[in-house]
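In full-length UniProt numbering, the protein residues as written are 1 to 101.
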Amino acid sequence: MIYNGAPLAALGDVVVVTVNYRLGSLGFLTTGTEDAPGNVGLYDILEALKWVNQNIEAFGGDSSKITLAGQGAGSVAVGLLSTSPSLRTLPKTDHGKWISC
């Protein structure tokens with residue numbers, strides 16, 4: 001499903017970025033080896049967040065105010081990433097939020 005961020009962006013001074021990530025066995029299968037390390041779907045999201053953090057200002061956004069939200073499986077990903085040490089490698093945001101629903 002492609003999320004139309006236009007209604008959300010119309011509510012105020014907001015830049016909406018949607019992220020795709022690998023699902024199912026392509027995103028989460030693990031064999032315990034380098035061939036299929038597992039959870040690469042979460043790494044996709046983390047890499048997208050790094051890109052957004054580095055480039056959002058070019059689109060009129062503020063990298064210190066990034067909010068991550070998800071619905072359904074996306075909310076699980078938000079919850080998992082909120083506890084991930086990997087996410088702490090991003091610059092600290094003072095006003096960013098985590099929203100799961």
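Note that CB positions come from ideal geometry on N, CA and C, so glycine has one too.
For clarity, every value in this text was computed on a predicted model and none was experimentally measured.
DSSP three-state assignment for LEU29, whether helix, strand or coil: Position 29 of the sequence shown, counting from 1, holds the residue named residue 29. Coil, per DSSP.
Check whether SER86 and LEU29 have beta carbons under 8 Å apart: Along the sequence shown, read from residue 1 onward, the residue named residue 86 stands at position 86. Along the sequence shown, read from residue 1 onward, the residue named residue 29 stands at position 29. In this structure, LEU29 does not lie closer than 8 Å to SER86 by Cβ.
Anticipated Cβ contact below 8 Å, GLU57 with SER63, distance rounded: Working through the sequence shown from its first residue, we reach residue 57 at position 57. Working through the sequence shown from its first residue, we reach residue 63 at position 63. Contact flag correct, Cβ pair sits at about 6 Å.
Cβ-based neighbour list, GLY5, same chain, cut-off 7 Å, excluding 5 preceding and 5 following: The count along the sequence shown starts at 1 and reaches residue 5 at position 5. Excluding positions up to five away in sequence, the list reads VAL16 and THR18.
Distance between LEU26 and LEU81 (C-alpha atoms, nearest Å): Translated into positions along the sequence shown, residue 81 becomes position 81. Translated into positions along the sequence shown, residue 26 becomes position 26. Near 18 Å, if we compare the C-alpha coordinates of LEU26 and LEU81.
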